[in-house]
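Residue numbers (the numbering used here), protein chains in the order written: chain S, 1 to 255; chain B, 256 to 510.
Number of protein chains: 2
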Amino acid sequence: MTAAKKQAKSKAGNGVTAPGVRTATRRARVESKEDAIVKAAYQMFIDVGFAKTTMSEIAKKAGVAEGTLYLYFSNKDALAHTVLADFYERLTLGAKKGVAKLGNTEERLVFLARHHLKNIIKERRILELLSMTDRDSEIYRGSELYKMNRAYVSVFDDVVREGMWRGEIKKTDELWLLRDTFFGALEYGMRTIMLKRRGAEQRVNQLAQTLAEMLIQNTKPAGATENQTSLQNLEKTARRFEKAATRLERITGQM
Amino acid sequence: MTAAKKQAKSKAGNGVTAPGVRTATRRARVESKEDAIVKAAYQMFIDVGFAKTTMSEIAKKAGVAEGTLYLYFSNKDALAHTVLADFYERLTLGAKKGVAKLGNTEERLVFLARHHLKNIIKERRILELLSMTDRDSEIYRGSELYKMNRAYVSVFDDVVREGMWRGEIKKTDELWLLRDTFFGALEYGMRTIMLKRRGAEQRVNQLAQTLAEMLIQNTKPAGATENQTSLQNLEKTARRFEKAATRLERITGQM
DNA sequence: TGACAAAATGAGCTTAACTCATTATTACTG
DNA sequence: CAGTAATAATGAGTTAAGCTCATTTTGTCA
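Now the structure itself:
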């Protein structure tokens, strides 16, 4: 409880002490210590996973006493939570930057897929921290983690919505179907890629390309238009010939 | 170590004592006790999750002493492992039965999707046990869990391969792309369905139908047939025109 | 420099997984 | 049917990891 308060205090930028101003150096030191703890925890989680990481080892790695951890984080879960939140933040930032650079919907989707894949491959142990959190309970909606997830996912949503607006993706009210297919396929694909070590890079590209195409394919203007145009032309020609043939038959008297 | 040996012994059906035969009642009692333990653990995992389940509570629920648990399972993880293996077994059996009853590939895929979804919704806490196992390490390939997963997944694979053979699904060497998309989408979709309580049943159907269509769509014969009919009409017209043109040429004496 | 607040410490508490010496049960035999 | 050896079960005790809190150290003022 005390720790939780402190955690909030050092995270948010509220005025710590009344006089202020010259507290800067102290604050800076405190925050760098918090960073050191998070960094140590991150590394441990990556290396040996959450379950096998001990608080005492994190403390040692961060160069602080075990008790100090609890001044910054109320418990081990809260520490994992922070590590996960940082991960989401980086992920979201990278996604936004990449999308902003690209104009075409297909390119954007391929980028998002590759970006997601590469990051969950590199930091898959961090992603696993998610599975500890109870995503069923009512509490989850409204949690910081839920918001971070929404923020990340909405980058994808925005790309798709704009793609629909432009007519590059078939319109649907059920955006969740596309979203879950996209991210679900990426996470499962990641495991396959990890399992079959060979040709990882190629598989990443394959998966990203396939998913992007799957989304735009449904009513891809390119293919559909070509076929329709070709058929329409043929049919127009046919109609003209039908008329001409009928007239000819009338003249010659037979069929 | 001792416990592990015992676990193996009571699991496998090897001859426990030399004389054999009349051991039946004792074996039966032992196995029913093992069942009681697994059942208790299953229920606890479902109710409060793996982390918050204590061995002492499992023991109490199963009506045995805490130490007895370790005669049957070397540790808590091994117990979770068994619960998970049982889950896979049920899942695989159900999938096989359902597929056998259906002849059409699309129907089979819809069934598999619905079957998977309904089960991972009902027993999602069991599915979470998977995320504890280290699916990266070399050890995983060759593990019992890996084999059970393969057995389950191969039901899907077989359906898809047969669908390809029949020409109902576009052929591809990259079956893993279809597989990961299918199961990944289902798992992510499950979470969305859990989160938005309303209209779960409808969402299940929607997701199952969408995924099945996605797989067969690429070269769905239906669409292709329509096009072919259209083409056939055109060809008929063309033949008629050829005749008419020939006659016209005869009359007009040109070309 | 002294005093006060903020920060840090680590010995000790609590709890849960796991062990093992002891006891109880069962199946077989003379 | 009593004796006995093998098998099964027990729960007090050990270990270890998360967490607490009385005490100490550090930093910043007047």
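We put the beta carbon where it would ideally sit given N, CA and C, even for glycine.
Please read these numbers as outputs of a predicted model, since none were measured by experiment.
Going by alpha carbons, who is nearest to Leu334/B out of Leu450/B, Ala355/B, Phe366/B, Ala306/B?
By one-based count along the second sequence, residue 334/B stands at place 79. Comparing Cα positions, the closest option is Ala306/B.
In angstroms, rounded to a whole number, what distance separates the CA positions of Arg137/S and Arg179/S?
Taking the first residue of the first sequence as 1, we reach residue 137/S at position 137. Taking the first residue of the first sequence as 1, we reach residue 179/S at position 179. Reading the sequence as shown, one finds Ser at residue 137/S and not Arg. For Ser137/S and Arg179/S, the distance between alpha carbons rounds to 21 Å.
Could you tell me the distance, in whole angstroms, from the CA atom of Gly223/S to the CA atom of Ile424/B?
For this step, residue 223/S is matched to residue 223 along the first sequence. For this step, residue 424/B is matched to residue 169 along the second sequence. In this predicted model, Gly223/S has a pLDDT of only 40, less than 50, meaning its place in the structure is not dependable; the value taken from the coordinates is given anyway. Going from the Cα of Gly223/S to the Cα of Ile424/B covers about 19 Å.
Measuring only between beta-carbons, confirm whether Tyr407/B sits less than 7 Å from chain S.
Taking the second sequence and counting its residues from 1, the one referred to as residue 407/B is at position 152. Not an interface residue.
Contact check, Leu109/S vs Ala212/S under 8 Å by CB: the rounded distance?
Here the question's residue 109/S lines up with position 109 in the first sequence. Here the question's residue 212/S lines up with position 212 in the first sequence. Yes, Leu109/S and Ala212/S are in contact; Cβ-Cβ is about 4 Å, under 8 Å.
How many Å lie between Arg369/B and Val354/B at the Cα?
What you label residue 369/B is simply residue 114 of the second sequence in a count that begins at 1. What you label residue 354/B is simply residue 99 of the second sequence in a count that begins at 1. Rounded to the nearest angstrom, the two C-alpha atoms are 12 Å apart.
Is the segment 341–352 of chain B close to the segment 396–406 of chain B, with three or more CB pairs under 8 Å?
yes
Can you say whether Glu456/B is buried or exposed, counting buried as having 16 or more other CB atoms within 10 angstroms of its CB?
If you number the second sequence from 1, residue 456/B lands on position 201. Glu456/B comes out exposed.
Given this structure, state the Cα-to-Cα distance separating Met299/B from Asp290/B, to the nearest angstrom.
Numbered from 1 along the second sequence, position 44 holds the residue referred to as residue 299/B. Numbered from 1 along the second sequence, position 35 holds the residue referred to as residue 290/B. Each residue's Cα considered, the two are about 14 Å apart.
How long is the line joining the alpha carbons of Leu207/S and Leu385/B, rounded to whole angstroms?
As a working note, residue 207/S is residue 207 in the first sequence. As a working note, residue 385/B is residue 130 in the second sequence. Rounded to the nearest angstrom, the two C-alpha atoms are 23 Å apart.
Below 9 Å on C-beta distance, what does Gly189/S contact in chain B?
Taking the first sequence and counting its residues from 1, the one referred to as residue 189/S is at position 189. Here the neighbours are Trp431, Leu432, Asp435, Thr436, Gly439.
Rounding to the nearest angstrom, what Cα-Cα distance links Thr105/S and Val159/S in this structure?
Here residue 105/S refers to the residue found at position 105 of the first sequence. Here residue 159/S refers to the residue found at position 159 of the first sequence. So the two alpha carbons sit approximately 7 Å from each other.
Run of the alpha helix (DSSP H) containing Ser137/S, from where it starts to where it stops
Here residue 137/S corresponds to residue number 137 of the first sequence, with the count starting at 1. Ser137/S -> no alpha helix (DSSP H), and no H or E assigned at all.
In or out: Thr308/B buried (at least 16 other Cβ within 10 Å) or exposed?
Locating residue 308/B in the second sequence gives position 53, where the first residue counts as 1. Buried, because 16 or more other Cβ atoms sit within 10 Å of the Cβ of Thr308/B.
Buried or exposed: which applies to Thr427/B, given that a residue is buried once 16 or more other Cβ atoms fall within 10 Å of its Cβ?
Locating residue 427/B in the second sequence gives position 172, counting from the first residue. It is exposed - the Cβ of Thr427/B has fewer than 16 other Cβ atoms within 10 Å.
Quick check on Glu89/S - is its C-beta less than 7 Å from some C-beta in chain B?
For this step, residue 89/S is matched to residue 89 along the first sequence. Output row for Glu89/S: interface = no.
So, for Met445/B: in the same chain, excluding its five sequence neighbours on each side, which residues have a beta-carbon less than 7 Å away from its beta-carbon?
The residue you call residue 445/B lines up with position 190 of the second sequence. Cβ neighbours of Met445/B beyond the five flanking positions: Leu372, Ile375, Ile376, Arg379.
Interface partners of Gln206/S on chain B, CB under 9 Å
In the first sequence, counting from the first residue as 1, residue 206/S sits at position 206. Residues of chain B passing the Cβ test: Glu429, Leu432.
Give a yes or no on whether 7 Å exceeds the smallest Cβ distance from Met194/S to chain B.
Numbered from 1 along the first sequence, position 194 holds the residue referred to as residue 194/S. Closer than 7 Å to some Cβ of chain B, the Cβ of Met194/S qualifies, so yes.
Candidates Lys352/B, Ala296/B, Ala283/B, Glu429/B: closest to Lys196/S by CA position
Indexing the first sequence from 1 puts residue 196/S at position 196. Out of Lys352/B, Ala296/B, Ala283/B, Glu429/B, Glu429/B has the C-alpha closest to the C-alpha of Lys196/S.
Going by the beta-carbon positions, is the gap between Leu69/S and Met55/S smaller than 7 Å?
Position 69 of the first sequence, counted from the first residue, corresponds to residue 69/S. Position 55 of the first sequence, counted from the first residue, corresponds to residue 55/S. In this structure, Met55/S lies closer than 7 Å to Leu69/S by Cβ.
With the cut-off set at 7 Å, would you say Leu62/S and Ile37/S are in Cβ contact?
Residue 62/S sits at position 62 when you count from the first residue of the first sequence. Residue 37/S sits at position 37 when you count from the first residue of the first sequence. According to the sequence shown, residue 62/S is Ala rather than Leu. Going by C-beta atoms, Ala62/S is nearer than 7 Å to Ile37/S.
Are the C-beta of Ser329/B and some C-beta of chain S separated by less than 7 Å?
Here residue 329/B is taken as the residue at index 74 of the second sequence, counted from 1. Chain S contact via Cβ: absent.
Would Val153/S and Lys96/S qualify as a contact pair, given that the criterion is a beta-carbon distance under 7 Å?
Looking up residue 153/S in the first sequence gives position 153. Looking up residue 96/S in the first sequence gives position 96. No, they are not a contact pair.
As assigned by DSSP and simplified to three states, the class of Ser32/S
Locating residue 32/S in the first sequence gives position 32, counting from the first residue. Helix at Ser32/S.
Could one say the Cβ of Thr133/S lies closer than 7 Å to chain B's Cβ atoms, at least one of them?
Residue numbering aside, residue 133/S sits at position 133 when the first sequence is read from its first letter. It does not: the Cβ of Thr133/S has no partner Cβ on chain B nearer than 7 Å.
Evaluate Arg421/B with the Cβ neighbour count: other Cβ atoms within 10 Å of its Cβ, from every protein chain shown; 16 or more gives buried, anything less gives exposed.
By 1-based counting over the second sequence, the position of residue 421/B is 166. Classification for Arg421/B: exposed.
Under the three-state reduction of DSSP, which class applies to Lys171/S: helix, strand or coil?
The residue given as residue 171/S occupies position 171 in the first sequence. Coil at Lys171/S, not helix or strand.
Just how far apart, CA to CA, sit Leu93/S and Gly304/B?
Here residue 93/S corresponds to residue number 93 of the first sequence, with the count starting at 1. Here residue 304/B corresponds to residue number 49 of the second sequence, with the count starting at 1. Straight-line Cα distance between these residues: approximately 33 Å.
Mind checking whether Phe438/B and Tyr188/S have CB atoms under 7 Å apart?
Along the second sequence, read from residue 1 onward, the residue named residue 438/B stands at position 183. Along the first sequence, read from residue 1 onward, the residue named residue 188/S stands at position 188. Going by C-beta atoms, Phe438/B is nearer than 7 Å to Tyr188/S.
Runs of alpha helix (DSSP H) lying entirely within the segment 350–400 of chain B, each at least 4 residues, in chain order:
360–377, 379–382
Does the beta-carbon of Gly322/B have 16 or more other beta-carbons within 10 angstroms, so that it is buried, or is it exposed?
Reading the second sequence from its first residue, position 67 is the one you call residue 322/B. Exposed: under 16 other Cβ atoms inside 10 Å.
Residue from Glu362/B, Leu339/B, Gly358/B, Thr436/B with nearest C-alpha to Leu382/B
Along the second sequence, read from residue 1 onward, the residue named residue 382/B stands at position 127. Selected option, being the one with the closest Cα: Leu339/B.
Backbone CA spacing between Met164/S and Asn460/B [nearest angstrom]:
By 1-based counting over the first sequence, the position of residue 164/S is 164. By 1-based counting over the second sequence, the position of residue 460/B is 205. Cα to Cα, the separation comes out at about 24 Å.
May I ask you to list, following chain order, the residues of the segment 375–386 of chain B that have a beta carbon less than 7 Å from some beta carbon of chain S?
Glu383, Ser386
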